[in-house]
Ligand code: CUA
């Protein structure tokens, strides 16, 4: 793997050499015909500076050369996850998570339908979108292990599990207690739990209560979803929640190293404003911005886990919940003032500090875990909130503050003692020293940066090398494509003494929130499935079909079709049923060659599958429309791809 720091050192002399060489070129020949000698002409013709060329050389991947890192980025309202290579910033895949996606055959009749149905909040009401916020990778000892990705849906309070062994969503878990979530889907350092915290307060369990009873009945929640790495699934029955005040909890992060066992959560409407503009109240935005301080919530989750095991939890809608009358006195939950309307809360790689950015404040505040822990254990508080929770003294909980600029949001880290904070209003990335809390450099980005991410940035040992600015606006960066503009990911090199803007990547699906970046060589996905694999059990499907054993079996109104796909035919290629029959297709790809994928669709029946090599799919549908329906392969799999088809013959009722 290339090391960017080495490249940077070598690059400038190389570039100088190339430029010196091409300076002698005077025949005006085309750039292409002159190879590297034409570099200066290309630069002139395209109006490129030396810095542009250097950025291009640092990010360009010639065909066949792979990227060093892979980003898993939120696909926002698309409900999906974007997979992007770094440094090339090439889009590699859109992983179907919460939303049906035809190319991956997800939600169009096959086995993936069950995963989507498992994510429904109300049985029978199919949710077909999500507001994806924060994809987070599974960890072992605080390092990304490349095995799973967890994704939260803010709009419908759900968490999904993507198995990176085949980049397939295996589980969607609806939270039965809350209406929306935001602080998720963060993991504890050994992925014991996937943490999901609520955003907009509502009565727990989603009962109705009027807004006039907000203080009494509305609540927040921190949900600790137990994850079983061997099964690759969240275990709802082994999970628990911690009740929170209705303070509109925001982002969250799990402690690591010395702070392992704790979780930190921001909040921003401790005023408990509920709007009512027509009733003469201030809008929520101003009602929620009255206090100078909101509350950082600290949860000692290992202690919470013990209390749940000791039977101290109350069961709400089948979920064990530790209520505030337990967590306050037991020193499991404490509050600390934090400056005005904070957004990001980010634990440092060494686990010693917690950095909070306040949207309406010009500082990042650096809390000291050791100080917090000592205060919590000693029961030192400057008072209690309206729910009896201890409020730790602000000045005694912090190590200091850094004057950052207008609108600091999120902070990520390199491995060299620097923090990088996104500054929304000023549209810059601010690099500052964790040691003396001083800003060393700011870099303008384009424009209005929200989240920021760094290479291996949330681990105990970030790589440095790159950060990515996830900008909300792109205004003048790209061709005008209508009033809905792409958002703009900007790759920034951070291995040198100064930050360098290297590449722009327009994001045509939105709105992306957080992302994480992992070393590419930590990902070890399958190339082909063993023949007949059901991807949702990772085992041979009970209906898997071996070539030569294809058949059609009728049992009353049920017609079972055992079918294989291999270049370039489906066997059987004729299926005859009667209108009203229930058709069960059991379809195995008999391919075992890498990248030999077939698709399978039946015209007019809204069925579409992706058959990666060796994969098995089961589809059941009622043949309720009579006719002669072509079924065909939707991937250009071979020279005879167009011939890879057959017919589903649905005889009208009463026909001979
Ligand atoms: Cu198989 Cu096209």
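Numbering (this note's numbering), first residue to last: -11 to 644.
Just so you know, even glycine gets a beta-carbon here, dropped at the ideal spot from N, CA and C.
Check                                                                                                                                                                                              : Outcome
Excluding the 5 residues preceding and the 5 following residue 373 in the sequence, name in chain order all residues of the same chain whose CB lies nearer than 7 Å to its CB.                    : 233, 323, 379
Taking Cβ positions, are residue 437 and residue 468 nearer each other than 7 Å?                                                                                                                   : no
Please classify residue 110 as buried or exposed, where buried requires at least 16 other C-beta atoms within 10 Å of its C-beta.                                                                  : exposed
Rounded to whole angstroms, what is the Cα-Cα separation between residue 173 and residue 239?                                                                                                      : 10 Å
Ligand 1: which residues have Cβ under 5 Å from any of its heavy atoms, chain order?                                                                                                               : 586, 621, 623, 625, 629, 632
Count the other CB atoms, across all protein chains shown, that sit within 10 Å of the CB of residue 550; report buried if there are 16 or more and exposed otherwise.                             : buried
Helix, strand or coil for residue 372 per DSSP?                                                                                                                                                    : strand
What number of angstroms, rounded off, separates the C-alpha of residue 558 from the C-alpha of residue 612?                                                                                       : 23 Å
Could you spell out where the beta strand (DSSP E) holding residue 250 opens and where it closes?                                                                                                  : 250 to 255
In or out: residue 127 buried (at least 16 other Cβ within 10 Å) or exposed?                                                                                                                       : buried
Could you check what DSSP says for residue 30 in three-state terms: helix, strand or coil?                                                                                                         : helix
Three Cβ pairs or more, each shorter than 8 Å: is that satisfied between the segment 481 to 489 and the segment 49 to 66?                                                                          : no
Reducing DSSP to helix, strand and coil, say where residue 348 ends up.                                                                                                                            : coil
For residue 435, which three-state DSSP category applies?                                                                                                                                          : coil
In whole angstroms, give me the CA-to-CA distance for residue 527 and residue 415.                                                                                                                 : 49 Å
DSSP state of residue 655, grouped into three classes?                                                                                                                                             : Within the shown structure, residues of the chain are numbered from -11 to 644, placing residue 655 beyond reach of any answer.
Suppose you measure from the CA of residue 39 to the CA of residue 392; what does that come to, to the nearest Å?                                                                                  : 27 Å
Is it true that the segment 153 to 172 meets the segment 96 to 109, where meeting means three or more beta-carbon pairs spaced less than 8 Å apart?                                                : yes
Check residue 108 in the structure and name its three-state DSSP category.                                                                                                                         : coil
Over the uninterrupted beta strand (DSSP E) stretch that includes residue 167, give me the two end residues.                                                                                       : Premise fails: residue 167 is in no beta strand (DSSP E) and is neither H nor E.
From this set, 513, 441, 508, which residue's C-alpha is nearest residue 502's C-alpha?                                                                                                            : 441
Looking at the unbroken beta strand (DSSP E) that takes in residue 409, where does it start and where does it end?                                                                                 : 406 to 411
Within 10 angstroms of the Cβ of residue 198, are there 16 or more other Cβ atoms? Answer buried if so, exposed if not.                                                                            : exposed
Buried or exposed: which applies to residue 306, given that a residue is buried once 16 or more other Cβ atoms fall within 10 Å of its Cβ?                                                         : exposed
Are the segment 257 to 274 and the segment 296 to 315 touching, with three or more C-beta to C-beta distances below 8 Å?                                                                           : no
Would a check of beta-carbon distances place residue 148 closer than 7 Å to chain E?                                                                                                               : Going by chain labels, chain E is absent from the structure shown, which holds only one protein chain.
The alpha helix (DSSP H) spanning residue 363 covers which residue range?                                                                                                                          : 357 to 366
Closer than 7 Å by C-beta to residue 345: which residues in its own chain qualify, once you throw out the five before and the five after it? Chain order, please.                                  : 330, 331, 332, 352, 396, 397, 398, 399, 409
Return the residue from the list 347, 375, 383 that minimises the CA-CA distance to residue 363.                                                                                                   : 383
Let me check understanding here. Comparing Cα to Cα, which of 163, 281, 192, 497 lies closest to residue 214?                                                                                      : 163
In chain order, which beta strand (DSSP E) runs of at least 3 residues are fully inside the segment 550 to 617?                                                                                    : 557 to 559, 562 to 566, 570 to 577, 586 to 590, 595 to 599, 604 to 610
Could you please give the first and the last residue of the uninterrupted alpha helix (DSSP H) stretch that includes residue 262?                                                                  : Taken as a continuous stretch (DSSP letters only), residue 262 belongs to no alpha helix (DSSP H), as it is neither H nor E.
Just to confirm my understanding: we take residue 631, look at its own chain, exclude 5 residues before and 5 after, and list those with CB closer than 7 Å. What are they?                        : 556
How is the alpha helix (DSSP H) around residue 215 delimited, first residue to last?                                                                                                               : Taken as a continuous stretch (DSSP letters only), residue 215 belongs to no alpha helix (DSSP H), being part of the beta strand (DSSP E) at 206 to 216.
Starting from the C-beta of residue 74, find all residues in its chain whose C-beta is less than 8 Å away, skip the five residues before and the five after it, and write them out in chain order. : 55, 56, 57, 58, 59, 443, 454, 456, 479, 505
Distance, Cα to Cα, residue 727 vs residue 354?                                                                                                                                                    : Here the chain has residues from -11 to 644 only, and residue 727 is not among them.
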